[in-house]
Each structure stands twice: as structure tokens, then as C-alpha cells.
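In this note's numbering, the protein residues as written are 1 to 581.
In C-alpha cells, the structure reads:
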């Protein structure tokens with residue numbers, strides 16, 4: 001991408017002004033998701049959905065978020081980033097409003113799928129725009145602002161959602177984000193001023209978009225439905241698995257030859273990028289899976305109302321917020337991140353394992369410690385994995401590099417939630433089968449209300465546990481606790497892999513330049529070298545130089561002079577931010 005005109009470094013006040021609309025947009029995205037989390041059991045119950053529908057209400061959003069994230073990232077390298085994030089915000093909130101009018105689980109899943117497209121844009125573009133206006137070294141200085149937004153959304157969202165569900169009804173959970181979205185659009189227009197990039201002819205990788213969408217969708221649908229909707233060794237399963245594999249291979253081949261690849265394969269030559277992607281998969285699983293199924297655990301295994309479930313998951317949210325703010329400021333102060341992230345990954349692994357031991361009557365203080373450890377691990381690793389990638393990424397590929405990490409985090413979360421949901425449903429059927437006689441006995445003892453509840457359980461519909469008769473309720477709570485604890489086992493090996501990947505990350509100090517400044521420096525250095533070559537050898541064709549650089553998959557002349565606090569190379573082994581052949 002052609003670099004922007006050189007702009008003076010933004011002052012602290014200018015950065016705060018530019019961040020105001022961006023932070024409000026992030027708040028809208030987060031509040032629209034968290035406000036629904038504690039209400040999903042009630043929503044799916046009223047729409048007469050089963051455990052599969054419950055999983056798909058979540059998975060549909062994660063699926064489209066995962067697919068759209070790299071697309072938004074590539075568009076950010078080609079078009080106006082401010083306009084793109086406004087479009088994503090409008091799409092997200094419009095779909096949220098439509099979801100509020102759903103009359104079936106199917107229509108809710110469809111609306112949530114469209115909502116995910118907007119969420120993918122907000123997640124990817126916010127990280128990319130931050131790289132434009134805040135250097136990696138200074139990012140921690142603003143951790144408090146991001147922490148405040150996360151606190152309002154992640155702590156206030158579930159509480160507000162539970163309160164709205166218990167008073168106004170669950171549909172208002174989807175409408176609550178609309179006024180915030182209107183305010184965010186106005187703020188973005190007034191406060192976010194990004195440098196203008198010179199217009200150039202762009203080439204959109206349509207074939208790559210289609211192949212990525214089809215292959216990832218097939219993969220995630222296969223993982224979600226396998227073992228429940230069809231057998232793993234059935235023809236349907238084989239066709240879906242083979243189709244997903246062929247689609248991914250075709251996508252990789254296409255990306256090697258198109259002019260503007262959706263996901264440049266050269267990114268994987270960067271050791272920092274590749275290891276961060278591996279670590280992000282486990283982080284995504286922990287972030288999405290634990291928040292979803294812990295909320296369900298609180299309601300299905302401990303008889304909590306939606307509001308109470310929001311309060312009971314505060315230890316996990318508190319761990320995430322405290323660790324992200326404190327560690328972000330430490331990283332900004334010292335410019336070092338490795339030891340903090342290794343510690344965070346270890347906490348995530350330990351917390352994930354401890355959550356596999358929970359029962360319906362686990363001491364809540366002990367459960368709070370488990371949740372805090374897991375939340376703190378996510379808080380340390382989630383944003384900092386993007387940070388270390390941005391620190392070494394080619395400035396002209398900042399969009400695809402940032403969105404690449406977010407993409408694999410979303411895929412990890414989507415596959416994780418799907419697999420956890422499948423494991424939960426399978427284990428639940430097994431436990432209910434074992435407890436069939438006890439369930440029938442308890443239902444008969446409870447009279448007509450118990451028989452009606454047993455019929456509901458037999459149909460597969462998710463019950464409202466806190467309203468079940470006492471004898472029946474205890475059996476159901478224990479059954480759900482066993483199934484949810486069993487589903488958490490999928491997070492343990494992935495958390496260990498994440499820890500190993502973070503340990504292997506090159507320990508490169510954080511840069512003090514923003515992405516815009518790096519682009520301007522590279523452009524100035526390229527112009528100086530070009531002028532020098534022109535004087536000694538005659539004029540040269542810059543288009544030929546650019547073509548050769550693209551063919552090599554790396555930057556050519558014009559490396560930013562290395563500094564003691566800013567030494568890195570595309571492969572994460574040191575050197576300058578550019579590379580001269």
C-alpha cells in the first residue's frame with residue numbers, strides 16, 4: 001500500500017480524541033454480545049430450542065466473525081479504514097435489532113450470523129486503527145481506557161442483560177445497543193481523523209473470499225454436527241470433511257498466485273506471526289467457550305437466574321480486566337512482554353484444568369479462584385498476541401497481519417464452542433440415561449408438574465432449572481455439571497500448546513513508532529535510495545522494483561534504520577523493520 005503523507009506525531013490529547021469514537025464503537029460491539037450471554041438459556045427455552053440450537057445461537061456469530069475477519073483486514077489495507085469501521089458498526093447493530101424480533105431459534109441464528117459479520121469488522125479494524133495512531137510501546141499507556149470499556153461491557157453487560165430479561169423481557173437485550181451505536185457513529189465521524197492514503201488501483205481476491213468462506217463453513221458445521229446430527233463415519237461426514245480439506249488446500253494455492261491475496265502466505269514465514277496464531281487458537285477457545293458454558297453452568301447447575309449468573313461469573317471477568325490493565329501498563333513501561341505472557345499462558349492452562357473438576361455443589365469461593373485464574377490468563381495473552389504481531393509486521397500488511405491473529409482466535413473460539421457443545425450434549429444424554437430411573441421416580445413424586453418437566457427433558461428442550469421441583473432439580477443440576485465439566489477438557493491440551501508457543505516467541509522489544517510513522521519512514525528511505533540509484537545508474541522503473549518485491553514475498557529497499565529499542569525483522573529474529581536484499 002502506498003504510504004500516507006507524513007503527519008506530525010499525535011499528542012496525548014489528540015490520541016484520546018481519536019480513541020473516543022473508537023472506544024465507544026468497541027463498547028457497542030461488546031455490550032451487544034455480553035448483554036445476551038446470561039439470557040441465552042431463557043431465550044432458547046422460550047423459542048423452544050434444544051442444546052444444539054443453544055450451541056448454534058453462539059456458533060453462528062462466531063462462524064461469520066471468523067470468516068469475515070480476514071476479509072475486513074484485507075479491505076483495511078485497500079480502502080478507507082474509517083468508512084469501513086462505520087459500515088461494520090451499522091451492520092452489527094442492524095442485525096442485533098432484527099434478532100430482537102426473532103420468533104424461532106432458526107431466525108435468531110440467522111440474525112446472529114449477520115451480526116457476526118459486523119463483529120468481525122469491528123474486532124479487526126479497531127486493532128488496525130490503533131496501530132495507526134499508537135505505537136506498540138505506548139499501547140499499554142492506554143490500557144486503562146480499554147480496561148474501563150471492557151469493565152463496563154463485560155461486567156455491566158451480563159448484569160444489565162439479566163435485569164432486562166427479568167423485567168422487560170429478553171428481546172430488549174438486542175435493542176439496547178441501538179442508541180449507543182448512533183452515538184458511536186457520530187463520535188467516529190467527529191473525532192477519528194486518519195491520514196489519507198493516495199488512491200491506487202486495487203484488486204480484490206474474490207476467489208479467495210469464496211474459498212475461505214466455503215471451506216471454513218464446512219469445517220465448522222462438520223465439527224458442530226458430527227456425532228449428533230450424523231455419525232462421524234457416515235457419508236455426510238466424509239464429504240464435509242474432505243470438502244473442507246480440499247477447499248483449504250485450494251485457498252492456499254490461490255493465495256500464492258493472486259495479485260492482492262486475502263491472507264498472504266508470506267506472513268507465515270514470520271516466526272512471531274505463526275507462533276502467535278497457534279497461541280491465539282487456545283485463547284479464543286478459552287475466551288468464548290468458558291464465558292458461554294460457565295454462564296450456562298451457573299443457571300443449569302446452580303439454579304441461578306440470568307442476573308445472578310452475571311454476578312457469579314464476575315471472578316473470571318475481574319481476572320481478565322485486572323490482568324489486562326496491570327500487565328498492559330507494565331509492558332508499556334518496560335517495553336518487555338515475554339515473561340508476562342508466559343505467566344499468563346501458564347495461568348490459563350492451570351485455570352482450564354481446574355474447571356474440569358467442578359460439580360454442582362463445588363464451593364463457590366474455590367470456583368471463583370478457578371475462574372479468576374482462567375480469566376487472568378486470557379487477559380494477559382489475548383490483546384498482547386496482536387501487539388507482538390503488529391510489532392514485527394510489515395507496515396503495508398498491518399491489516400492482514402492483525403486480522404490474521406484475530407481470525408485464528410475466532411476460528412479457535414468457534415471450533416472450541418462447537419466441540420464443547422457437542423461434548424456437552426453427548427455427555428448429557430449419557431448421564432440422563434444413567435439417571436433415567438431416578439429422574440422418573442423424582443418426577444412422579446412431584447406430581448403433574450414433575451411429569452410435565454420430565455416430558456420437556458425427554459424432548460431435548462433446555463429446561464429452566466430453577467423452576468423445577470426440588471427432587472428433579474437436584475438430579476438435573478448434577479447432570480449438567482458433569483456434562484459441562486467434561487466439555488472443559490478440550491481447553492486443557494490447547495492451553496498447554498499455547499504456553500509452549502508463547503515460550504518459543506522471539507523476545508523482541510516493542511517499537512516506539514506508529515504504523516503511519518513507519519510507513520512514512522519507509523517511503524522516505526525508499527525515495528532516498530531511489531534518488532541515489534538514479535544518480536549513479538540512471539532512472540529505474542519503480543513498478544519493476546515493486547513487482548520483484550511482491551514476487552519475493554518481502555519488502556525491498558528502504559529499511560528503517562535500526563534503533564536499540566526497535567530492532568526486529570520480518571522473521572522475528574532481529575534487524576530492522578525492513579529488509580534490504
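Idealized CB from N, CA, C, for every residue including glycine.
Mapping the DSSP letters down to three states, classify residue 103 as helix, strand or coil. It is coil, neither helix nor strand.
Cβ-based burial, residue 551 [other Cβ within 10 Å; buried from 16]: At residue 551 the pLDDT is 46, less than 50, meaning the model places this residue with poor confidence and gives no usable figure here.
Under 8 Å between C-beta atoms of residue 70 and residue 412: Residue 412 sits away from residue 70, with the two beta carbons spaced by 8 Å or more.
Which word fits residue 336, buried or exposed, when buried means at least 16 other C-beta atoms lie within 10 angstroms of its C-beta? Around the C-beta of residue 336, fewer than 16 other C-beta atoms lie within 10 Å, and the residue is accordingly described as exposed.
So does residue 229 have its beta carbon nearer than 7 Å to some heavy atom of the ligand PLP? The ligand PLP is not part of the structure shown, which contains no ligands of any sort.
Beta strand (DSSP E) runs wholly inside the region 324 to 352, at least 3 long, in chain order: Complete beta strand (DSSP E) runs here, min 3: none at all.
According to DSSP, which residues form a beta bridge with residue 230? Answer is 226, bridged to residue 230.
With a threshold of 8 Å, are at least 3 pairs of Cβ atoms found where one atom belongs to the region 248 to 260 and the other to the region 208 to 225? As far as the Cβ criterion goes, the region 248 to 260 touches the region 208 to 225, which means the pair count is three or higher.
Which residues mark the beginning and the end of the alpha helix (DSSP H) in which residue 240 is found? Segment 235 to 255, the alpha helix (DSSP H) holding residue 240.
Taking buried to mean at least 16 other C-beta atoms within 10 Å of its own C-beta, is residue 233 buried or exposed? For residue 233, the number of other beta carbons within 10 angstroms of its own is below 16, and it is reported as exposed.
Buried versus exposed call for residue 363 [16 or more other C-beta atoms within 10 Å across all chains shown]: Classification for residue 363: exposed.
Give me, in chain order, the residues of the same chain whose beta-carbon lies closer than 7 Å to that of residue 15; leave out the 5 immediate sequence neighbours on both sides. Cβ within range, chain order: 133, 134.
Please determine if the region 326 to 340 and the region 291 to 308 are in contact, where contact requires at least 3 C-beta pairs separated by less than 8 Å. Taking 8 Å as the limit for Cβ pairs, the verdict is that the region 291 to 308 does not touch the region 326 to 340.
Could you give the DSSP three-state label for residue 392: helix, strand or coil? Here residue 392 sits in helix by DSSP.
With distance defined between alpha-carbon atoms, name the residue in 475, 424, 359, 221 nearest to residue 450. It is 475 whose Cα lies nearest to the Cα of residue 450.
So what does DSSP say about residue 158, is it helix, strand or coil? Under the three-state reduction of DSSP, residue 158 is assigned to helix.
Let's see if you can read the secondary structure: which residues bound the alpha helix (DSSP H) around residue 178? Where residue 178 is concerned, the enclosing alpha helix (DSSP H) stretches over 177 to 191.
Please report the residue range of the alpha helix (DSSP H) in which residue 284 lies. It spans 271 to 285 - the alpha helix (DSSP H) in which residue 284 sits, taken as one unbroken run.
Test: residue 311 CB closer than 8 Å to a CB of chain C: Among the chains of the structure shown, chain C does not appear; only one protein chain is present.
How about residue 105 and residue 32: are their beta carbons less than 8 Å apart? It is not a contact, given that the beta carbons lie outside the stated cut-off.
Backbone CA spacing between residue 277 and residue 358 [nearest angstrom]: Rounded to the nearest whole angstrom, the CA to CA distance from residue 277 to residue 358 is 30 Å.
Alpha carbon to alpha carbon, how far is residue 458 from residue 477? The straight-line gap from Cα to Cα measures roughly 16 Å.
Go through its chain and collect everything with a Cβ distance to residue 160's Cβ below 6 Å, but skip five positions before and after it. Here the set comprises 35.
For residue 79, which three-state DSSP category applies? Residue 79: coil per DSSP, three-state reduction.
Can you check the region 420 to 491 for any alpha helix (DSSP H) of at least 4 residues that lies completely inside it and give the ranges in chain order? List check, alpha helix (DSSP H) in window: 436 to 445, 448 to 459, 470 to 487.
May I have the straight-line CA-CA distance separating residue 176 from residue 313, to the nearest angstrom? So the two alpha carbons sit approximately 21 Å from each other.
Euclidean distance between Cα positions of residue 439 and residue 454: Near 7 Å, if we compare the C-alpha coordinates of residue 454 and residue 439.
Could you tell me the alpha carbon to alpha carbon distance between residue 268 and residue 190, rounded to whole angstroms? So the alpha carbons of these two residues sit roughly 38 Å apart.
Does the distance from the CB of residue 585 to the CB of residue 72 come in under 8 Å? In the structure as shown, the chain starts at 1 and stops at 581, and residue 585 therefore has no counterpart that could be examined.
Are at least three pairs of beta-carbons, each pair with one atom in the region 375 to 390 and one in the region 272 to 292, less than 8 Å apart? Yes, since at least three Cβ pairs between the region 375 to 390 and the region 272 to 292 fall closer than 8 Å, the two stretches touch.
Taking the straight line between their C-alpha atoms, what separation do you get for residue 166 and residue 342? Linking residue 166 to residue 342 through their CA atoms gives a straight-line distance of about 41 Å.
Closer than 6 Å by C-beta to residue 61: which residues in its own chain qualify, once you throw out the five before and the five after it? Chain order, please. Correct list, in chain order: 112, 115, 116.
For residue 355 and residue 294, what's the separation of their Cα atoms in angstroms? The alpha-carbon atoms of residue 355 and residue 294 are separated by roughly 9 Å.
When you compare the CB positions of residue 376 and residue 322, do they come within less than 8 Å of one another, or not? In this structure, residue 322 lies closer than 8 Å to residue 376 by Cβ.
Is residue 316 closer than 8 Å to residue 300 when the C-beta atoms are compared? Between residue 300 and residue 316, the gap from beta carbon to beta carbon reaches 8 Å or more.
What is the rounded straight-line gap between the Cα of residue 17 and the Cα of residue 287? CA-to-CA, the gap between residue 17 and residue 287 works out to about 29 Å.
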